[in-house]
Amino acid sequence: MRTEAVLLAIVLVCSILLAGHATALTYTESSTGLIPPSMEGGHTELEFADVNADGNVDLLSIGDHGSPYINTDQHGIMVWFGDGLGSWSVFQNGNFGYGGIAVGDVNGDGLLDVGYGMHHDYSSTDFGNQLIEVALGDGTGMNWVPWDDGLATSGETWGMFGTDFADVDNDGDLDVGSNAFGCCAGVHVYLNHMDGTWAQSWGFIGGNSSMDFEFGDIDNDGNADFAVKRQDGTVYFGDGTGSFVNGDSNLPSHSYRGTSLGDVDNDGGLDLACLNSGAPEVWVWDDAGEAWVDFSGNLPTSGSYSATALHDMDVDGYIDLVAFGNGTVSIWLGDGAGMWTTAAAFAVPGTYEAFRVGGDFDRNGFPDMALLDEEGSWPSYQNHLRCYREASVALGLTIAPVFPRGHERIAGGSVQFIDWISAVPAGMTTTVALDYSTSGPSGPWFPIASGLPNNGRHQWTMPDVNSTNCYIRYTVTGERQEEVAVTPAAFTVLGDEVGVDDGGGSRVALSVRPNPATGTTTIHYTLESPGPATLAVYDAAGRRVARLAELAASQTGEHQVAWNGRDDSGERVAAGVYFCRLEADGEVVARKIVFVR
């Protein structure tokens, strides 16, 4: 019996490991190649993203106080390219720095771009001479073109810092927000006009800031909100037009320190982690009561932490809490009900200057982390950039959804990030396909994208449909092997009403799936009107690029559009934002289409 019990235990442990779950979380430093450049002092912001689309997670920053070229060799946009094994190689471009950074595709060409707020806008060219900027990437992670007219024109006079992207007005493109460097440039949100120009939709100047800024839908109404480190406000709720109101309600005044967002109770809305005199706390938003509820449970009530992160570290479907502070990183596993279990803690040589959790840069199926710590004392202190990876080995191919997780309410037509995490055995080459369903976890499934690099993130414009029963299917394919995962619970897409009814019985309806489209998309239409109609595609300037069909009255059907990069006259047309327009008997319905490379 004892032998059988031991064998059973071995089988269970192996099953857990093969499923991509470790019995314990352990971390090892993985910093080879992070120097050069050497760092100096002060804060910065770090971001994980696969900027060259090779399937490996990279690390980005615009540096600390030593950037550009202040007692260091830091300068401009710094990309440490990951090799998928935990080692790095750096490339730098620009003559500016000291601030925060965000990564996303702002112009819809399928290539990752960057936004950044900074203190050292020292460049003599357009690339690096504003306190807030956006720059377009070319897919290499090495070359950047300014796309920033109108940014940092609303009273930002001293320096900006924490920066993030989100579609705050739900119009199908990423907008940018940034928080001040210290005092007194304030908080600012700018809308993307998709032509390289931006306009502030909301913001203010004045007050002290602790630099961080993060977008996310906290009250689960489909509109982007944000959390920020400031003396006079922590949470701001968005209205879907680019405007915001303070949502601190009953939050304690200390909550502006160490903020981060994550859905700890799996209700679809993001929750808040913060610090109380160095001790970690978690708060969830109660929609019905319009108040915050303390979800800290048995977390320690004292500590010397400086930063928090909310992320599912053991990939069990529940958000966990990570904190970094005075020489220590600690992890508490969440259960979705407000109780926390200590899972790991490890020593770091210095104190907090930057912290980022989430990028699986060694591809073992578990989130990793990067940090900047200050080591030594004045006047000989120095910052050091360090990465730490979860140390288990991927024994089998797996994939797991990260966002959406279920229960989210997402605005139709808005830009969102689909996130996943995947364990990949050593030496295996993999790609990912994404599909969505608006009718439940069994489909039917519509394609989002296929042949994607298995890097954990894809930017997507949500379909403009109304459904409370939406799911995403994730398929990872390797050599002679395929694994599939589906969103664990339904999420809602809050699409526009499909079609127009003038009250007299006349009706036209129009939808486009998939959208965005990489090669072919299908336009679905319903026409119940007295006369004929025209279906055509126009660019953002109103120029017709494709006349699709002349439709008869009272007709329902679909029309496939194969995007080959040319218009009706044979001229090449760039990827980007277009509009499908159905005109019938004085009624017009238009739907945005995003074509990507």
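So that you can map any letter, position 37 of the sequence shown is 28 in our numbering, and since no number is skipped, the others follow by simple counting. Think of the CB as a built atom: it goes at the ideal place given N, C-alpha and C, for glycine as much as any other residue. Model, not experiment: these values are computed from the prediction.
Burial state of residue i (16 or more Cβ within 10 Å)
i           : result
residue 300 : buried
residue 472 : exposed
residue -7  : In this predicted model, residue -7 has a pLDDT of only 33, less than 50, meaning its place in the structure is not dependable enough to derive any value.
residue 271 : buried
residue 581 : exposed
residue 221 : buried
residue 26  : exposed
residue 76  : exposed
residue 214 : buried
residue 244 : exposed
residue 20  : exposed
residue 85  : buried
residue 114 : buried
residue 278 : exposed
residue 143 : buried
residue 372 : exposed
residue 383 : buried
residue 535 : exposed
residue 293 : exposed
residue 280 : exposed
residue 250 : buried
Rounded separation between residue i and residue j - CA only
i           : j           : result
residue 66  : residue 282 : 44 Å
residue 351 : residue 15  : 17 Å
residue 379 : residue 171 : 29 Å
residue 287 : residue 118 : 44 Å
residue 440 : residue 466 : 11 Å
residue 604 : residue 219 : Only positions -8 to 588 of the chain appear in this structure, which leaves residue 604 out of reach.
residue 289 : residue 140 : 49 Å
residue 461 : residue 438 : 13 Å
residue 175 : residue 315 : 27 Å
residue 256 : residue 329 : 8 Å
residue 387 : residue 414 : 7 Å
residue 122 : residue 514 : 42 Å
residue 235 : residue 178 : 11 Å
residue 147 : residue 181 : 13 Å
residue 398 : residue 210 : 12 Å
residue 590 : residue 516 : The shown model of the chain, from -8 to 588, leaves out residue 590, and the question about it has no answer.
residue 43  : residue 131 : 5 Å
residue 99  : residue 217 : 23 Å
residue 262 : residue 324 : 15 Å
residue 458 : residue 485 : 7 Å
residue 126 : residue 103 : 10 Å
residue 377 : residue 361 : 6 Å
residue 138 : residue 197 : 27 Å
residue 186 : residue 434 : 37 Å
residue 319 : residue 566 : 47 Å
DSSP-derived helix/strand/coil call for residue i
i           : result
residue 200 : strand
residue 244 : helix
residue 170 : strand
residue 69  : strand
residue 534 : coil
residue 34  : coil
residue 154 : strand
residue 193 : strand
residue 205 : strand
residue 135 : strand
residue 316 : strand
Span of the beta strand (DSSP E) around residue i
i           : result
residue 296 : 296 to 302
residue 111 : 104 to 111
residue 27  : Neither: residue 27 is in no beta strand (DSSP E) and is coded neither H nor E.
residue 327 : Element bounds for residue 327: n/a, residue is neither H nor E.
residue 566 : Careful: residue 566 lies outside any beta strand (DSSP E) and carries neither H nor E.
residue 440 : 437 to 444
residue 185 : Residue 185 -> no beta strand (DSSP E), and no H or E assigned at all.
residue 126 : 123 to 128
residue 114 : Neither: residue 114 is in no beta strand (DSSP E) and is coded neither H nor E.
residue 15  : Note, residue 15: premise wrong, no beta strand (DSSP E); not H, not E.
residue 250 : Note, residue 250: premise wrong, no beta strand (DSSP E); not H, not E.
residue 79  : 79 to 84
List in chain order: all unbroken alpha helix (DSSP H) runs of 4+ residues lying wholly within the region 331 to 413.
-> none
Mind listing, in chain order, the continuous beta strand (DSSP E) runs of no fewer than 3 residues lying wholly within the region 252 to 313?
-> 262 to 267, 270 to 277, 282 to 285, 296 to 302
Ranges of the beta strand (DSSP E) found wholly within the region 453 to 481, counting only runs of at least 3 | 457 to 469, 472 to 477
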